[in-house]
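Just so you know, we're using our numbering here: the sequence shown kicks off at 5 and counts up by one. Idealized CB from N, CA, C, for every residue including glycine. Below is one structure; the comments refer to it alone.
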Amino acid sequence: MKRTTLVFLALTLLGLWGCSEQSAGSRVRIDAPIIVSPDSYRELQTLFDSINYTLGNLDRGVPRLVLTQLPEDMEHLNVISEKKKIFFLSLLPMVLIANEEIAQQRSRLLAIFEQHRQGEALSEADRQWLQKLT
5 MKRTTLVFLA LTLLGLWGCS EQSAGSRVRI DAPIIVSPDS YRELQTLFDS INYTLGNLDR
65 GVPRLVLTQL PEDMEHLNVI SEKKKIFFLS LLPMVLIANE EIAQQRSRLL AIFEQHRQGE
125 ALSEADRQWL QKLT
């Protein structure tokens with residue numbers, strides 16, 4: 005259980021770090037995620053129910069949720085399919101946030117590459133961004 009919590013914390017930090025690395029000229033606005041620290045799987049399930057977030061309606065959108073940890077009582081949930089459902093619904097928003105950040109970084113990196121290819125000098129902001137990226 006502790007390993008799973010560490011994975012979630014790492015993904016959370018990755019998502020939050022990436023959200024702070026937007027360029028001033030970025031066209032895509034990414035809303036800050038909602039940080040959630042559920043005390044129980046029932047509390048987490050109640051949250052999902054309240055926003056109508058289920059595996060069956062993912063086509064309607066995925067909320068921008070970041071869990072600081074999985075509920076400690078997940079191990080007491082005996083129905084494996086329910087445990088998996090809560091796990092996947094918990095993880096999916098953070099995976100999508102990370103994908104958005106990767107796409108933004110890729111877009112900016114390609115723009116910098118093209119600028120360099122055309123012989124243009126890189127700005128100090130771009131140099132610093134590249135330094136942080138490595």
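With burial defined as no fewer than 16 other Cβ atoms inside 10 Å of the residue's Cβ, what is the status of residue i: buried or exposed?
i	result
I106	exposed
R110	exposed
V99	exposed
H120	exposed
V83	exposed
F52	buried
Q122	exposed
Q132	exposed
R64	exposed
I55	exposed
A28	Its pLDDT being 41, under 50, A28 is placed unreliably by the model, and nothing is read from it.
Could you name the residues of the same chain whose beta carbon sits closer than 8 angstroms to that of residue i, not counting the 5 residues immediately before and after it, in chain order?
i	result
E47	P75
Compare the C-beta of residue i with all C-beta atoms of chain C and state if any pair is closer than 9 angstroms.
i	result
V83	Protein chain content of the structure displayed is limited to a single chain, and chain C is not contained in it.
From the options, pick the residue whose C-alpha is nearest to that of residue i; which is it?
i	options	result
L62	S44, D77, S94	S94
E42	G60, E124, F91, A115	Sequence check: residue 42 is Pro here, not Glu. Of G60, E124, F91, A115, the residue nearest in Cα terms is F91.
T72	V40, I55, Q108	V40
K89	L134, R112, G60	G60
L81	Q108, I116, Y45, L114	Y45
T138	S127, L126, L113	L113
With a threshold of 7 angstroms on Cβ separation, who are the neighbours of residue i within its own chain once the five nearest residues in sequence on each side are excluded?
i	result
R68	D35, P37, I38, P97, I101
Where do the ends of the beta strand (DSSP E) carrying residue i lie?
i	result
V40	38-40
V70	69-71
What are the start and end residues of the alpha helix (DSSP H) that includes residue i?
i	result
D53	45-54
P75	P75 -> no alpha helix (DSSP H), and no H or E assigned at all.
E124	Unbroken run through E124: none, as it is neither H nor E.
For residue i, collect the residues of the same chain with a Cβ closer than 6 angstroms to its Cβ; drop the 5 residues on either side in sequence, then sort them by chain order.
i	result
T58	none
D77	S44, Y45
E128	none
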